[in-house]
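Numbering (my numbering), first residue to last: 1 to 143. For every residue, glycine included, the Cβ atom is placed at its ideal position computed from N, Cα and C. Single-structure report; data block below.
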């Protein structure tokens, strides 16, 4: 993956979550791929612990992801209808120690109304797997 891949992905997330009128989503990693990724990262006990954690928590993670997408889409669609505007700023990717191709992502944009202007940061984690970024956490919004 290149810097352009990272930046393009950040802009894709911004477009799908914040500015798109259609109800698009960002792809959450499939559980089978997530387990395969975990097994490829470590051997033995560590890999099995990671797979156990994925199996035990995946449904909850996916539900939290869906809720975060719904909340962000609904809020910013309503805000746009009331005159709110957004402007994409940047996307920063930080590698996660001990794992190949797992990144903490901070995507930033400006949200403004007639009376307010805030920098908003959406934080999440992705894995670069099979030549694509796959989301593995819900989105968290920070002001």
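Answer with buried or exposed for residue i, where buried requires no fewer than 16 other C-beta atoms within 10 angstroms of its C-beta.
i          : result
residue 4  : exposed
residue 46 : exposed
residue 81 : exposed
residue 73 : buried
residue 10 : buried
residue 52 : exposed
residue 38 : buried
residue 95 : exposed
To the nearest angstrom, how far is it from the Cα of residue i to the Cα of residue j?
i           : j           : result
residue 129 : residue 115 : 42 Å
residue 83  : residue 18  : 14 Å
residue 118 : residue 97  : 31 Å
residue 77  : residue 67  : 15 Å
residue 56  : residue 62  : 12 Å
residue 134 : residue 103 : 10 Å
residue 20  : residue 49  : 38 Å
residue 29  : residue 58  : 10 Å
Check this for me: beta carbons of residue i and residue j, under 8 Å apart or not?
i           : j           : result
residue 13  : residue 31  : no
residue 6   : residue 93  : yes
residue 91  : residue 110 : no
residue 122 : residue 107 : yes
Can you name the start and end residues of the beta strand (DSSP E) that residue i belongs to?
i          : result
residue 69 : Per DSSP, residue 69 belongs to no beta strand (DSSP E); it is in the alpha helix (DSSP H), 44-81.
residue 12 : Counting along the chain, residue 12 falls outside any beta strand (DSSP E), though it belongs to the alpha helix (DSSP H) covering 3-14.
Could you have a look at residue i and say whether DSSP puts it in helix, strand or coil?
i           : result
residue 114 : coil
residue 106 : strand
residue 129 : strand
residue 120 : strand
residue 19  : helix
residue 28  : strand
residue 86  : strand
residue 91  : strand
Can you give me the start and stop residues for the alpha helix (DSSP H) that residue i sits inside?
i          : result
residue 99 : Taken as a continuous stretch (DSSP letters only), residue 99 belongs to no alpha helix (DSSP H), as it is neither H nor E.
residue 36 : 31-41
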